[in-house]
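Note sheet for the following structure.
In the working numbering, the protein residues as written are 159 to 354.
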């Protein structure tokens, strides 16, 4: 299922959800949020044009210096702009969170299910607004004590709360199944539960 949506700033995003529950394959749930680059490229072009005009008119900068500044700004933009974020849940294995940048660079983080406590919608309060985001709540043992931490998902694309609730419902359908399997395995119940 694919649908158009907006991020918290009003930029268009593309949401793609897929769930595979074929008996021959492991249960897989994949959710991808892709930023539409055309508007961002127009914004970048306008910013560079504004800087070049302001630099030339106001300060009479050297054109070589202006070109170097524009190249540095373009490099910073392409290194920090995420074009696609993906949350992949693989039955009996874990959660994979990946971010793909405009340059093609990809950052992937894998979290095994035994380290996941829950998948939640969290809120952050900034100076002028409240931002909602999906997060994986982790439990881990440090120095003999259990501690919790959050791993945020879709932090660059920032879908709105309504879409986050839809994503959360899809993810929780599989998460509840996995939690039930893990609990029955730890209780020594079902012998069909795969070992990790």
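Glycine included, every Cβ here is placed at the ideal spot set by N, Cα and C.
| query | Going by DSSP, what residues sit across from residue 258 in a beta bridge? | reply | 242, 264
| Nearest to residue 269 (by Cα), restricted to the options 231, 286, 309, 238 | 309
| request: Have a look at residue 325 and residue 239 and give me their C-alpha separation to the nearest angstrom. | output: 23 Å
| query | Whose C-beta lies closer than 6 Å to the C-beta of residue 266 among residues of the same chain, with five residues either side of it excluded? | reply | 256
| Would DSSP call residue 299 helix, strand or coil? | strand
| query | Under the three-state reduction of DSSP, which class applies to residue 280: helix, strand or coil? | reply | strand
| Is it the case that the Cβ atoms of residue 332 and residue 187 are separated by a distance below 7 Å? | yes
| Bridge partner(s) assigned by DSSP for residue 304 | 299
| request: Could you check which residue in 230, 225, 272 has the C-alpha nearest to that of residue 299? | output: 272
| message | Considering only the alpha carbon of each residue, which of 242, 335, 250 lies closest to residue 311? | response | 242
| Three-state secondary structure (DSSP) at residue 196? | Note that residue 196 scores 43 on pLDDT, short of 50, meaning its location in the model is unreliable and no value can be drawn from it.
| said: Taking 6 Å as the limit between beta carbons, can you name the residues of its chain near residue 258, skipping five residues before and five after? | reply: 241, 242, 264
| Are the beta-carbon atoms belonging to residue 253 and residue 294 less than 7 Å from one another? | yes
| For residue 247, three-class secondary structure by DSSP | strand
| said: Rounded to whole angstroms, what is the Cα-Cα separation between residue 156 and residue 227? | reply: With the chain covering only 159 through 354, there is no way to say anything about residue 156.
| field | Anticipated Cβ contact below 8 Å, residue 277 with residue 322, distance rounded | value | Actually they are not in contact, since the Cβ atoms of residue 277 and residue 322 sit about 11 Å apart, beyond 8 Å.
| field | Bridge partners - residue 292, DSSP secondary structure assignment | value | 279, 311
| request: Taking 7 Å as the cut-off, decide whether the C-beta atoms of residue 319 and residue 307 are in contact. | output: no
| Can you check whether the CB of residue 224 is closer than 7 Å to the CB of residue 213? | yes
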